[in-house]
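Everything in the sequence shown is counted per our numbering, starting at 180 for the first residue and increasing by one. Positions of the beta carbon are idealized from the N, C-alpha and C atoms, including for glycine. Predicted model, so just to flag it, every value in this text is computed and none were measured.
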Amino acid sequence: MKVLAGESVWPPPVWIMRQAGRYLPEYREMRARAGGFLDMCYNPDFAVEVTLQPIRRFGFDAAIMFSDILVVPHSLGQNVWFVEGEGPRLDPIATTDDVARLGERDPHLHLEPVFETLRRLRRALAPETALLGFCGAPWTVASYMIAGKSTPDQAPARIAAYADPAFMRALIDRLVETSIDYLVAQVDAGADAVQIFESFASALSAPLFEPLSLDPIRRIVSGLKARRPQARVIVFLRGGGPNLARLVEAGFADAIALDWSLDLARTLPGIPAKLPTQGNLDPLALVAGGAALDAGIDAVLAATKGRPHIFNLGHGIVPQTPVTHVERLVERVRGS
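Written out as structure tokens, the structure is:
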């Protein structure tokens with residue numbers, strides 16, 4: 180939390196995106212017991228345990244609650260399920276009438292297990308371990324809701340943005356409102372900070388970035404801070420390099436998470452020295468291990484020394500990552 184307040188800390192704090200996941204044998208065992216993926220998200224007993232597993236094993240400086248960005252459309256009444264080995268599936272929506280029907284159930288009541296997970300985690304974690312909540316950015320979530328799954332270039336959602344802007348505006352507005360309420364409740368349940376994941380930023384053209392990504396995220400952050408001024412917000416643009424300067428200039432993020440594609444030597448001079456950053460080791464360097472991993476870690480450390488920075492990956496850890504490589508990462512960062 181010192182880093183999110185703009186303080187440079189050395190060695191930097193470290194956590195990794197998707198740190199509770201399939202690369203851990205204890206997670207795989209828990210997943211087999213729980214049944215479906217959403218069953219784990221909505222069962223605080225399971226969600227708390229898998230959140231704590233990487234904290235026990237590696238001693239990360241932050242725990243990010245175990246959940247998924249698609250619990251938001253699920254809470255609004257859209258059918259969501261997960262296919263093993265393939266990922267999420269949703270019943271697609273396509274019209275403003277579909278949007279109007281969202282929210283027929285009470286989203287807050289539906290998401291109460293998530294908030295209970297956070298309350299239990301805050302009690303279980305040491306005071307010095309930050310507790311992070313999160314949500315998906317409206318564009319990323321809308322892309323899933325329209326296509327019914329992840330697509331390579333988010334073509335269904337992009338076509339909808341051009342062909343039916345009223346529908347897209349209505350959907351984005353609904354997601355902004357729900358996300359504000361969701362993050363407020365996460366902070367009330369004990370989250371020290373939250374991260375907004377814009378995983379599909381790279382799909383947006385320059386003219387679409389402002390109305391579909393930057394402005395909705397700005398509205399979420401503004402709405403959250405109007406109600407909970409103490410909240411700290413990390414914004415992650417995956418593949419958003421061309422638009423990163425616009426996010427920095429907008430000035431509403433407390434920290435900016437950088438993906439692995441960015442050259443820190445070129446990127447960091449364009450970011451104010453006191454604006455916290457996070458990232459950006461390539462997740463596949465962590466898979467490879469050895470000299471490549473050490474070099475990648477050292478490069479991030481060298482580029483960010485003297486700045487407020489949180490060491491992380493440039494995207495989520497992948498399932499085939501050896502546990503020993505994560506141990507090496509933590510050891511090398513902490514020994515710097």
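Exercise. Are the Cβ atoms of isoleucine 243 and leucine 311 separated by less than 8 Å?
Worked result: yes
Exercise. Residue range of the alpha helix (DSSP H) that alanine 380 falls in?
Worked result: Alanine 380 -> no alpha helix (DSSP H), and no H or E assigned at all.
Exercise. When the Cα of valine 400 is compared with those of Tyr361, Ala385, Ala368, Leu423, which residue comes out closest?
Worked result: Tyr361
Exercise. Do you know offhand how far proline 233's Cα is from phenylalanine 415's?
Worked result: 21 Å
Problem set entry | Exposed unless 16 or more other CB atoms sit within 10 angstroms - verdict on proline 498 | exposed
Exercise. What are the boundary residues of the beta strand (DSSP E) that glycine 458 is part of?
Worked result: 456-460
Exercise. Since histidine 488 is in the beta strand (DSSP E), which residue starts that stretch and which ends it?
Worked result: 488-492
For this session: With a threshold of 16 other CB atoms inside 10 Å of the CB of isoleucine 338, please say whether the residue is buried or exposed.
Result: exposed
Exercise. Quick one: what's got a C-beta closer than 8 Å to leucine 447's C-beta in the same chain, skipping five residues either side?
Worked result: Thr456, Ala482, Thr483, Arg486
For this session: Whole angstroms is fine: what's the gap from arginine 197's alpha carbon to glycine 495's?
Result: 5 Å
Exercise. To the nearest whole angstrom, what separates the beta carbons of valine 293 and isoleucine 489, a pair I think is in contact under 8 Å?
Worked result: Not really, about 23 Å apart at Cβ, beyond 8 Å.
For this session: Taking only the alpha-carbon atoms, compute the straight-line gap between leucine 454 and valine 188 and give it to the nearest angstrom.
Result: 13 Å
Exercise. If you draw a straight line from the alpha carbon of phenylalanine 225 to that of leucine 290, how long is it in whole angstroms?
Worked result: 15 Å
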